[in-house]
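Chemist: One structure, pasted below without further comment.
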Ligand code: WT7
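Residue numbers (my numbering): 89 to 744.
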């Protein structure tokens, strides 16, 4: 851990002056307000940040804990809050989104434009029979159409479930089936890194796998004009169904607890879980964190580089910035096309003032810049930047320093935001005009979030000592349930060992002995974080053993990786003699492709090791700690005396 007293970066005056939360006393005042009257604090913010159709009379209902309810008798519409509210406030002609395509075409979309397009699509969805409470799956590229799809669902009270465009047909099918979706919104193809990649064809395949009988229609946005198959009666072009629709649509006024969206994410066991979020509490946190963590002012140009397929793209693209009437950049492509200077060029071109990205992107761009002067950030004018952000995984101090120095010119605070799909928005994060920064630490809880580090019994551990990260009180944007599986929700997040009291994040953490700053020490369950993407080891194991011709048994663990944070390592026992050399290489490739088809390319193991067996205890339990050492290339220090066949350790030494 870095020493907080030596490596401390105070908030620079240029940001602190005029910040919404300016200076530590302002932060502490908010914390104290929440401590003195928890419900009152959130109620005050809910009245300030959300426009209610009918005001709520009760803030927090804990009667069915851990199924908490916030602002339940209040009604609102999220799309009204993001769009109509801005137009009514005179921001109709303000640019909401500067959109840049993969090949560099730029278009500007005002709040009035977005509202009209959202209304047209909302009307079209209604015309197809989509009603309040129906689930709609969105399998779209980064696009105005993708964001409008989310907003249109919100407008009619349909619950959206966005599936990242990198997931396979199988994964898409599982999510459509679990959600019981009535409609899928997709595009013919997506364009990324100069390549056209299929989307509609994958939807076709997903629906042909069976179990998706709930789907009545597929609406297709024509992005590339590429060749696609057409199912008459089921498939509809987005431009056809929206063309003749009026550009106004009455919002569906829903309870604050109405489910705005489901987002599937990996857990330590079983299939991905559909994390269900509310409307009112979620929108409140999206708005207040966008405003305070990014200090988003009306003239800022905000750019979050996430995809709408992940929660970051929900909270900090589709909802937060729009709820505040901000201007943001949305990008279709990838950071390395046409070259690894793309992000820096876009910051320069659009005069981005707040930039939010993932450590994995920073690390790969550091490598690229070190290898090629032409894409070094010093070749670009980055002086428009005021604030930088990081999300998705711990940022190592070396990457932090580079980001601070080379992108931020030494003058921009970096907000290292810790949160999860389940938390809906930031829960531990610096506020840029207040919190002195320490590289590698996400610093302090967002005002009102009761984060703590405890031991296995739920007791607080002293600062300086590692433990389990929990949140002691419910907060407005927290996960409401796992769709269709309330028991799994309880077991995963409010387990009995904590007497069901605290929200269990699934991460370990330690607080600095002097400052109390939090550092996240990584997942304490079998969840990996690969390039900021969450993957369950069991999910990958299931995918491997589903290759029943080849695979007898498989175990998956993570190991540290310089670029991706963690890398996936698979230990595989085949149904044929253990391969070596070229044969092992060929089978490793086949297995990688297989996992890519089962889950998606992001789940492909980086290392595959073959053994005649896996190291197991006498009771037959796979010795995962030992596998983690092997994966890291470390000397095995664990007791191996219980191993049935110690020779397999030598076999596992070679990765393919
Ligand atoms: C997991 C959540 C947060 C939205 C994107 C990822 C890890 C996230 C940080 C951070 C250290 C972090 C945690 C967490 N994580 N942000 N700033 N420092 N670790 O959302 O896919 O739900 O993953 O990402 O392990 O539990 P997600």
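For glycine and all other residues, C-beta sits at the position ideal for the given N, C-alpha and C.
What residue range is occupied by the uninterrupted beta strand (DSSP E) comprising residue 617?
Modeler: Residue mapping note: residue 617 aligns to position 529 of the chain shown, counting from 1. Where residue 617 is concerned, the enclosing beta strand (DSSP E) stretches over 615-618.
Chemist: Would you check if the distance between the CB atom of residue 406 and the CB atom of residue 230 is smaller than 7 Å?
Modeler: Here residue 406 corresponds to residue number 318 of the chain shown, with the count starting at 1. Here residue 230 corresponds to residue number 142 of the chain shown, with the count starting at 1. For residue 406 and residue 230, no; Cβs fall outside 7 Å.
Chemist: Check the DSSP bridge columns for residue 540 and list the partner residues they point to.
Modeler: Walking along the chain shown from the start, residue 540 turns up at place 452. Paired residues: 558.
Chemist: Please report the distance separating the alpha-carbon of residue 277 from that of residue 589.
Modeler: Here residue 277 corresponds to residue number 189 of the chain shown, with the count starting at 1. Here residue 589 corresponds to residue number 501 of the chain shown, with the count starting at 1. The alpha-carbon separation between residue 277 and residue 589 amounts to approximately 46 Å.
Chemist: Could you tell me which whole alpha helix (DSSP H) segments of length 4 or greater appear in the region 468-527?
Modeler: 485-490
Chemist: Restricting to runs no shorter than 3 residues, where is the beta strand (DSSP E) found entirely within the region 94-120?
Modeler: none
Chemist: Quick one, are the C-beta atoms of residue 186 and residue 329 less than 7 Å apart?
Modeler: Stepping through the chain shown from its first residue, residue 186 is reached at position 98. Stepping through the chain shown from its first residue, residue 329 is reached at position 241. Taking 7 Å as the Cβ cut-off, residue 186 and residue 329 do not qualify as a contacting pair.
Chemist: Assuming residue 565 contacts residue 511 under a Cβ cut-off of 8 Å, what Cβ separation, rounded to an integer in Å, is found between them?
Modeler: Your numbering for residue 565 matches position 477 in the chain shown. Your numbering for residue 511 matches position 423 in the chain shown. Confirmed, Cβ separation roughly 7 Å.
Chemist: The beta strand (DSSP E) spanning residue 283 covers which residue range?
Modeler: In the chain shown, residue 283 corresponds to position 195, counting from 1. Taken as a continuous stretch (DSSP letters only), the beta strand (DSSP E) holding residue 283 covers 283-286.
Chemist: Within the region 219-274, note down every full alpha helix (DSSP H) run reaching 4 residues or more, in order along the chain.
Modeler: 232-244 and 257-267
Chemist: If we count Cβ pairs, one from each stretch, closer than 8 Å, do we get three or more for the region 381-401 versus the region 436-452?
Modeler: The count of Cβ pairs closer than 8 Å, one atom from the region 381-401 and one from the region 436-452, reaches three, so the stretches are in contact.
Chemist: Checking 7 Å against the spacing of the C-beta atoms, do residue 348 and residue 305 come in under that value?
Modeler: Within the chain shown, the letter at position 260 stands for residue 348. Within the chain shown, the letter at position 217 stands for residue 305. Cβ distance not < 7 Å, so residue 348 and residue 305 don't count as in contact.
Chemist: Alpha carbon to alpha carbon, how far is residue 646 from residue 281?
Modeler: Indexing the chain shown from 1 puts residue 646 at position 558. Indexing the chain shown from 1 puts residue 281 at position 193. Going by C-alpha positions, residue 646 is about 28 Å away from residue 281.
Chemist: What residue range does the alpha helix (DSSP H) around residue 433 cover?
Modeler: Taking the chain shown and counting its residues from 1, the one referred to as residue 433 is at position 345. Counting along the chain, residue 433 sits inside the alpha helix (DSSP H) bounded by residues 430-438.
Chemist: Less than 8 Å between the CB atoms is what I'm expecting for residue 585 and residue 544, so what's the real figure, rounded?
Modeler: The residue labelled residue 585 in the question sits at position 497 within the chain shown. The residue labelled residue 544 in the question sits at position 456 within the chain shown. Residue 585 to residue 544, Cβ: 7 Å. Contact.
Chemist: Using 10 angstroms around the beta-carbon of residue 360, count the other beta-carbons present and answer buried if the total reaches 16, otherwise exposed.
Modeler: Numbered from 1 along the chain shown, position 272 holds the residue referred to as residue 360. That one is buried.
Chemist: Within the same chain, show all residues whose beta-carbon is closer than 8 Å to that of residue 664, passing over the 5 residues directly before and after it, in chain order.
Modeler: Residue mapping note: residue 664 aligns to position 576 of the chain shown, counting from 1. 638, listed in sequence order.
Chemist: Kindly indicate which three-state DSSP category residue 343 falls into: helix, strand or coil?
Modeler: If you number the chain shown from 1, residue 343 lands on position 255. In the three-state DSSP reduction, residue 343 falls in the strand class (E or B).
Chemist: Can you tell me whether DSSP reads residue 635 as helix, strand or coil?
Modeler: Here residue 635 refers to the residue found at position 547 of the chain shown. The answer is coil: DSSP assigns residue 635 none of H, G, I, E or B.
Chemist: Nearest-angstrom Cα distance between residue 708 and residue 726?
Modeler: Position 620 of the chain shown holds residue 708. Position 638 of the chain shown holds residue 726. Cα to Cα, the separation comes out at about 17 Å.
Chemist: Anyone know if the C-beta pair for residue 350 and residue 358 falls short of 7 Å?
Modeler: The sequence position of residue 350 within the chain shown is 262, counting from 1. The sequence position of residue 358 within the chain shown is 270, counting from 1. Cβ distance not < 7 Å, so residue 350 and residue 358 don't count as in contact.
Chemist: In three-state DSSP terms, what is residue 316?
Modeler: By 1-based counting over the chain shown, the position of residue 316 is 228. It is coil, neither helix nor strand.
Chemist: Heavy atom of the ligand WT7 less than 6 Å from the Cβ of residue 508, yes or no?
Modeler: For the purposes of this step, residue 508 is taken as residue 420 along the chain shown, with counting starting at 1. True, at least one ligand heavy atom lies under 6 Å from that Cβ.
Chemist: Is residue 447 near the ligand WT7, in the sense that its beta carbon is under 6 Å from a heavy atom of that ligand?
Modeler: Position 359 of the chain shown holds residue 447. No - the ligand WT7 has no heavy atom lying nearer than 6 Å to the Cβ of residue 447.
Chemist: Give, in chain order, every unbroken run of the alpha helix (DSSP H) that is at least 4 residues long and sits entirely within the region 545-630.
Modeler: 574-581
Chemist: Ordered along the chain, which non-local residues of its own chain (more than five positions away) have a Cβ less than 6 Å from that of residue 628?
Modeler: Counting from 1 along the chain shown, the entry for residue 628 is found at position 540. Cβ within range, chain order: 644 and 691.
Chemist: What do you get for residue 101, buried or exposed, if any count of 16 or more other CB atoms within 10 angstroms of its CB means buried?
Modeler: Numbered from 1 along the chain shown, position 13 holds the residue referred to as residue 101. Exposed: under 16 other Cβ atoms inside 10 Å.
Chemist: Answer yes or no: do residue 759 and residue 415 have a C-beta to C-beta separation smaller than 7 Å?
Modeler: The structure shown does not extend to residue 759, since the chain is modelled only from 89 to 744, so the question has no answer here.
Chemist: Could you pull the start and end residues of the alpha helix (DSSP H) that residue 408 belongs to?
Modeler: What you label residue 408 is simply residue 320 of the chain shown in a count that begins at 1. Segment 408-411, the alpha helix (DSSP H) holding residue 408.
Chemist: If you draw a straight line from the C-alpha of residue 93 to the C-alpha of residue 527, how long is it?
Modeler: Locating residue 93 in the chain shown gives position 5, counting from the first residue. Locating residue 527 in the chain shown gives position 439, counting from the first residue. Any answer about residue 93 is weak, because its pLDDT of 45 lies below 50 and its placement is not dependable; what the coordinates show is given next. Straight-line Cα distance between these residues: approximately 12 Å.
Chemist: Tell me which same chain residues have a C-beta within less than 7 Å of the C-beta of residue 499, skipping the five on either side of it?
Modeler: Here residue 499 refers to the residue found at position 411 of the chain shown. 100 and 102, listed in sequence order.
Chemist: Whether or not the region 295-312 and the region 240-255 are in contact is what I'm after, with contact meaning three or more pairs of Cβ atoms, one per stretch, closer than 8 Å; do they touch?
Modeler: no
Chemist: Quick check on residue 416: does DSSP put it in helix, strand or coil?
Modeler: As a working note, residue 416 is residue 328 in the chain shown. Here residue 416 carries a strand assignment [DSSP, helix/strand/coil].
Chemist: Starting from residue 362, follow its DSSP beta bridges and name the residues at the other end.
Modeler: On the chain shown, position 274 is the one that residue 362 refers to. 352.
Chemist: So residue 693 packs on residue 736, CB below 8 Å; how close in whole Å?
Modeler: If you number the chain shown from 1, residue 693 lands on position 605. If you number the chain shown from 1, residue 736 lands on position 648. Incorrect: roughly 18 Å between the Cβ atoms, too far for contact.
Chemist: What does the alpha-carbon distance come out to for the pair residue 378 and residue 174?
Modeler: Within the chain shown, numbered from 1, the residue matching residue 378 stands at position 290. Within the chain shown, numbered from 1, the residue matching residue 174 stands at position 86. The alpha-carbon atoms of residue 378 and residue 174 are separated by roughly 16 Å.
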